[in-house]
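A.B. asks:
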Amino acid sequence: MAAALLSTLAATYYKFCKRRKKNDTNEIESWELEQPQKFPYKVLSKATHGFQSELVGKGGFGKVYKGVLPGTSMEVAVKRVSDNGKQGLREFMAEVSSLGRLRHRNLVQLLGWCRRKDELLLVYDYMPNGSLDSYLFNDRKAKELGWPERFKILKGIANGLLYLHEGWEQVVVHRDVKASNVLLDAEMNGRLGDFGLARFYEHGDDPQTTHVVGTIGYIAPEMYRAGKASASGDVYSYGALLLEVASGHKPHKILASERDGEMLLFEWVLKNWQSGHILAAMDARLDGGFVREEAELVLKLGVLCSQAVADRRPTMRKVVQYLDRDASIPKEVSLTTMALQDYLGFDQLELSYPESGIRSYDSNTSECVVPMYEI
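The opening residue of the sequence shown carries number 10 in the working numbering; numbering runs sequentially from there.
1. Quick one: Cα of residue 232 to Cα of residue 170, how far?
2. My output table needs one value for residue 263: the three-state DSSP class, helix, strand or coil.
3. In three-state DSSP terms, what is residue 248?
4. DSSP three-state call for residue 465: helix, strand or coil?
5. Give the secondary structure of residue 32 by DSSP, where H, G and I count as helix, E and B as strand, and everything else as coil.
6. Assuming residue 102 and residue 194 form a contact by the criterion Cβ under 8 Å, report the distance between their Cβ atoms to the nearest whole angstrom.
7. I believe residue 242 touches residue 255 by the beta-carbon criterion, under 8 Å. Please report the beta-carbon distance rounded to the nearest angstrom.
8. Using the beta-carbon count (16 or more within 10 Å), is residue 290 buried or exposed?
9. Report the rounded CA-to-CA distance for residue 325 versus residue 309, giving the unit in angstroms.
10. Do the segment 201-214 and the segment 244-261 make contact, defined as three or more Cβ pairs closer than 8 Å?
11. For residue 164, which residues in the same chain have their Cβ closer than 6 Å to its Cβ, ignoring the five residues on either side in sequence?
12. Going by DSSP, which residues form a beta bridge with residue 63?
13. Reducing DSSP to helix, strand and coil, say where residue 254 ends up.
14. If we call anything under 8 Å between Cβ atoms a contact, is residue 106 one with residue 182?
15. Do the CB positions of residue 119 and residue 87 come within less than 8 Å of each other?
16. Considering only the alpha carbon of each residue, which of 275, 285, 327 and 300 lies closest to residue 312?
17. Take residue 161 as the anchor and find which of 303, 316 and 125 has the nearest alpha-carbon.
18. In angstroms, rounded to a whole number, what distance separates the CA positions of residue 26 and residue 47?
19. Out of curiosity, what's the CA-to-CA distance linking residue 200 and residue 116?
20. Can you grab the Cα-Cα spacing for the pair residue 270 / residue 262, in whole Å?
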């Protein structure tokens, strides 16, 4: 469907993209020649009523407006990149280069772009149901987001990430997987968007060192230590998303327990798992309206993906197999004390939970073994 719409748009606006007006002083960059449909600025300005129409999103890289392409009934989302300096152009190029060539039902489709002097614009399929976080953190809308919808969204994003990591000509690391970057189409399918921080590398190569970017609570520990953007870092972020969608709490939220005091979401879910009551971590607004086996799977998989040691995390291929029930989660998992240190902010961690469910602790390897209860 997206391909057909893109073809129609290409035919409709082809004449605008074959030439530039004589008074257009923009230099043509090499990346501009290889990218998807270029829209004239006046078309996008008219589509959004001079960028005064409905504001549907706002983030660190700009504002997103709802628009209707002139002469059609086609609704689009137009992202106006906020930073017009080198950093803004770099993020703009990254998004055009990546989304423009990616095709997957669980990724937001980039339809085209526009660059006019300092104006940088991206045109997407419009997602009528907005972002996932707008449901999770609005009590009224959260009740509309039942467990079947949540589970479907999580499976969809997992498939989208698998495509990015293994299904394309290069490895694409998104680097900003979070609820606000999961957009919902008319059928409440989850689509991953905002590729402004994405990085590419060849299959089999090691990722290059980069700056620490992303959102607190979703950033893998190795990013702070080594500054490498890897597919495993996306897995970590996806683990945070799993816990967030299941529990209804943000990854960095401090949760209080009468017995254990304050803790972050990961530790709170882990504590419930260790005590054999992992479903106590489920979003109370669901009022028990979830499939027990699926809910346990999502919470446990969230913990597995959120391990501090990158090599211990499953790949997205394995994650998809778990969610599709084509593979079973191990009955026990080894978690290093570093996993807890990273969340608690301790330099050293003393394991002193006599009833925590930890079977054994090896001081030489800093490893504890947590039983994996049957799903």
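For each residue, glycine too, the CB sits at the ideal point set by N, CA and C.
C.D. replies: On the basis of the coordinates in this document:
1. 19 Å
2. strand
3. helix
4. Since the first residue shown for the chain is 10 and the last is 384, residue 465 is missing from the structure and cannot be characterised.
5. A caution first: residue 32 carries a pLDDT of 43, below 50, which makes its placement in the model unreliable, though a value can still be read off. Residue 32: coil per DSSP, three-state reduction.
6. Wrong, their Cβ atoms sit about 26 Å apart, outside the cutoff.
7. Residue 242 to residue 255, Cβ: 21 Å. No contact.
8. buried
9. 15 Å
10. no
11. 332
12. Bridge partners of residue 63: none, in fact.
13. helix
14. no
15. no
16. 275
17. 303
18. Since pLDDT at residue 26 reaches only 46, below the 50 mark, its modelled position is unreliable, and the value read off the structure follows with that caveat. Roughly 6 Å between the two C-alpha positions.
19. 5 Å
20. 13 Å
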